[in-house]
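Sequence positions in the sequence shown follow the UniProt record's numbering and run 1 to 108.
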Amino acid sequence: MGTEAVAERKPLDLAATAAYCQFTRESLGAYSGEEMKDIIAKLTDLTRQASDELTHWLDQREQMIMDNERYNEMIASLVGRAAKLKDAESKQKTNTKRGITRNSFHLK
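So, in C-alpha cells, the structure goes:
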C-alpha cells in the first residue's frame, strides 16, 4: 500500500448480523412501521460495512498478488543475471586456459 490515506474501518458486528439473519416473515410482522424503518436502516448499515470489509480484503489480496508477481520477476531477473555472469566467467576461464586473451591476437 502506498502513502494514500486509509479510511478507518469499523469492525463488522457479527453478532448483530447473525441476529438479523434469524428474522422470519412472521417475526417481522410483530414490528411497527417505525421499528421496521430502524431495522431497515440497521440492515443497510450492516450491508455497507460488510461490503467495505469485503472490498478491503479483496484489495489486500490484489496487492499481495501484485507484490508476488513483482518479487517473482525480480528473482527471475537476478537468477538470469547471475547465470550470465557465471557463463561469462566460465568462458573467460576457458579462454585463459587455452592461452587466448584479448591481447593475444596482436599482429607483430
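C-beta: ideal position from N, C-alpha, C; glycine also.
Remember, predicted model here, so these are calculated numbers, not experimental data.
message: What ranges does the alpha helix (DSSP H) occupy inside the segment 9-89, keeping only unbroken runs of at least 4 residues that lie completely in it?
response: Listed in chain order, they are 14-21, 25-28.
- request: Find the nearest neighbour of PRO11 within the set ALA19, ARG81, ARG48, TYR71, judged by alpha-carbon distance.
  value: Sequence index remark: in the sequence shown, residue 11 carries index 11 (1-based). Nearest Cα to PRO11 within the set ALA19, ARG81, ARG48, TYR71: ARG48.
- request: Give the C-beta separation of GLU53 and ARG9 to the nearest angstrom, bearing in mind that I take them to be a contact with Cβ-Cβ under 8 Å.
  value: Start at 1 with the first residue of the sequence shown, and residue 53 comes out as number 53. Start at 1 with the first residue of the sequence shown, and residue 9 comes out as number 9. Contact holds; Cβ gap of about 7 Å.
query: My guess is that LEU46 and TYR20 are in contact by the Cβ rule of under 8 Å, so how many angstroms apart are they, rounded?
result: What you label residue 46 is simply residue 46 of the sequence shown in a count that begins at 1. What you label residue 20 is simply residue 20 of the sequence shown in a count that begins at 1. Sure, about 7 Å apart at Cβ, within 8 Å.
- prompt: What is the rounded straight-line gap between the Cα of GLU34 and the Cα of SER27?
  reply: One-based indexing of the sequence shown puts residue 34 at position 34. One-based indexing of the sequence shown puts residue 27 at position 27. Approximately 15 Å between the Cα atoms of the pair.
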